[in-house]
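Colleague:
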Amino acid sequence: MSDESKRVLIVDDEDDLTWSISKHLAKDRGQYELICVNSGKKALDVLSQLPVDLVISDIRMPEISGLDLLVKIKDYYPTTKVIIMTAYGSSEIHEEANKRSQP
């Protein structure tokens with residue numbers, strides 16, 4: 608990874624979705640490093656060891672949900688950007704994600 612490259616962390620408990628997202632993003636791999644994990648706990652382990660520019664996370668995961676992960680990232684890694692994704696979108700989830708992302 609070059610000094611100008613960014614690091615992207617993909618978090619989803621479903622391996623098929625993680626693989627699919629990473630495959631689509633792989634075409635621009637020269638611009639960033641991709642790291643894929645299958646739980647919020649593993650994501651926090653990665654974040655504690657490496658600087659990450661962007662986290663793309665599913666909202667529904669066992670142990671640590673995407674919304675709880677968002678809060679922890681904002682608390683401990685405030686410069687890391689977060690994208691939350693879900694197949695179960697609703698206005699309530701959108702509002703809750705916005706509330707949790709506020710400082």
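So the mapping is simple: our numbering equals the position in the sequence shown, first residue as 1, plus 607.
Backbone N, C-alpha and C fix where the C-beta goes; we use that ideal spot for every residue, glycine too.
If you're wondering where the values come from, they're calculated on a predicted model, not measured in any experiment.
Go to LYS634, then tell me how far its beta strand (DSSP E) extends in each direction, as first and last residue.
Modeller: Here LYS634 belongs to no beta strand (DSSP E), and DSSP marks it neither H nor E.
Colleague: On the DSSP bridge assignment, give the partners of GLU640 in chain order.
Modeller: ARG614.
Colleague: Tell me the DSSP secondary structure of LEU661 in three-state form.
Modeller: Of the three classes helix, strand and coil, the one that applies to LEU661 here is strand, per DSSP.
Colleague: Go to ILE680, then tell me how far its alpha helix (DSSP H) extends in each direction, as first and last residue.
Modeller: It spans 673-683 - the alpha helix (DSSP H) in which ILE680 sits, taken as one unbroken run.
Colleague: Do LYS613 and ASP660 have their beta-carbon atoms positioned less than 9 Å apart in this structure?
Modeller: Result yes, Cβ atoms of ASP660 and LYS613 sit closer than 9 Å.
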